[in-house]
Amino acid sequence: MRPSFCPINEMPDKESAEDCGKTAVVFSLKNEVGCLVKALRLFQEKQVNLSHIESRLSKRVVNEVEIFADCSCSKKEFDELLQHLRDHVNIISFNTPAHVWSAEADGDDGGGLEEDGDDVPWFPMKISELDQCSHRVLMYGSELDADHPGFKDEVYRQRRKYFVEVAMNYKFGQPIPRIEYTPEEVRTWGVVFRELTQLYPTHACREYLENLPLLSKDCGYRDDNIPQLEDVSLFLRERSGFTVRPVAGYLSPRDFLAGLAYRVFNCTQYVRHSTDPLYTPEPDTCHELLGHVPLLADPKFAQFSQEIGLASLGASDEDVQKLATCYFFTIEFGLCKQEGQLRAYGAGLLSSIGELRHALSDRARVRTFDPRTTCTQECLITCFQDVYFVSESFEEAKEKMREFAKSIKRPFSVYYNPYTQSIDLLKDTRGIENVVQDLRSDLTTVCDALGKMNTYMGI
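Note that full-length UniProt numbering has the sequence shown beginning at 1, numbered continuously upward.
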């Protein structure tokens, strides 16, 4: 089971990363004979090498076609290419090379900063800017490998393209479109649901078991119904402040973790292929709804998830990769101890029947979670993990991640403002004073409550 983001090293070759980065561009142009040739010529004129390209009819504008192009280029080449494309086509979205994600590269006045001569990678400063992150898809959900169960199923491939379009058209603040799932998709979900719910009482952590019945009651979690993301999002908002939004496919670790900083979880909506309901090579709605959602409803787990996201904002590629690996071995494949027994809290385990059984068996290798060593462990995406990491509690894991986050070098600290759903940069006394004012107000409320309790108890 793969995680909800693409666990790639965003900077596999430090030397070459200075010069070149992987870039994805989605643009539209008039649907006419030779339109694809015209699109290719634009890249040829700027001598930009294409590694992948695909087209689809636009759902936004009649008589237009959308082109997805994957290429490798330097910052200078990318800037020139963008300018060239803007003169000829309508750019829908783009994903700049990871090492130059700055406000300048994105052409706006967003979160990109420059401190003491160092470029700080761009990151969203307000929740609406997550639209940019969620649309910068590295691998679309409609792209299936040759060994994928649905590779030769044209009906399934078209269905996957539909889910991509739903996600790419979604914008912050909109209700999440309700999906009319097919009978085949519901049956596939039902098989997964029934198999996993038999294991949960003896394999899932306490917090998971407490929230699953609530989801059944409020969001329609049952074997003959696939819950709608809009209902799930409203449920999570009331329980922990988290929300979900649809995503078209794999995001980079940086973009995925940025969503967590705002308590936003990017969710796929497609269902795995019916011929193999107990296996999926990528995260589908079964993984998201059964693996992640029940624990995102837990306030302590939600806080743990958000703090990993906050630590990633403005961090270097190397540090983001370390955080993503820690995320992988906790929120995706983590174990905890409860009442002297190992229990699973990782979504990759809680949505995989085979690996859930394996991770809690005598065959699995288990080590104590320590971010300093866990961040160097290899993430396996096509087989069971070589090792699983266990924490005494979410609180312990959170405290360890807080200490680890102190090693991340940034010229500022970040504070999430829940009232404006934005990020405050703590890099001068004024910014810190504003946070202190908020804390002082909260402490006044706490002191008042303690005073009333003491009076009531006669202390």
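Built from N, CA and C at the ideal position, the CB exists for glycine as well.
When secondary structure is reduced to three states using DSSP, P253 falls in the helix class.
Per the coordinates, the alpha-carbon of G241 lies some 45 Å from the alpha-carbon of L42.
When secondary structure is reduced to three states using DSSP, H52 falls in the strand class. N266 carries a strand assignment under DSSP once its states are collapsed to helix, strand and coil. Assigned with DSSP and collapsed to three states, T280 falls in coil, not helix or strand. When Cβ pairs closer than 8 Å are counted between the two stretches, the stretch 306-320 is seen to touch the stretch 254-267, the count reaching three or more.
The Cβ-Cβ distance between H203 and R343 falls below 8 Å. Residue environment: P3 is assigned as buried (16 or more neighbouring CB atoms within 10 Å of its CB, all protein chains considered). The Cβ atoms of F329 and T268 do not sit closer than 8 Å to each other. Counting only the Cα atoms, L196 lies some 52 Å from H84. According to the DSSP assignment, Y208 belongs to the alpha helix (DSSP H) that extends over R206 to C219. Remark: three or more beta-carbon pairs, one from each stretch, lie closer than 8 Å, so the stretch 400-415 and the stretch 311-320 are flagged as touching. Y250 is positioned such that its CB atom lies closer than 8 Å to that of V137. Under the 10 Å beta carbon count, G348 is surrounded by 16 or more other beta carbons and is classified as buried. Q198 and V390 have their C-alpha atoms roughly 23 Å apart.
Rounded to the nearest angstrom, the gap between the Cα atoms of A39 and Q47 is 13 Å. In this structure, the beta-carbon distance from V247 to S128 does not fall below 8 Å. Taken atom to atom, the span from the alpha-carbon of L234 to that of L130 is near 18 Å. Proximity of the stretch 351-369 to the stretch 293-304 falls short of the contact definition, fewer than three beta-carbon pairs being nearer than 8 Å. V65 is bridged by DSSP to L29 and L57.
Scanning the stretch 115-192 for uninterrupted beta strand (DSSP E) segments of 3 residues or longer gives 118-120, listed from N- to C-terminal end.
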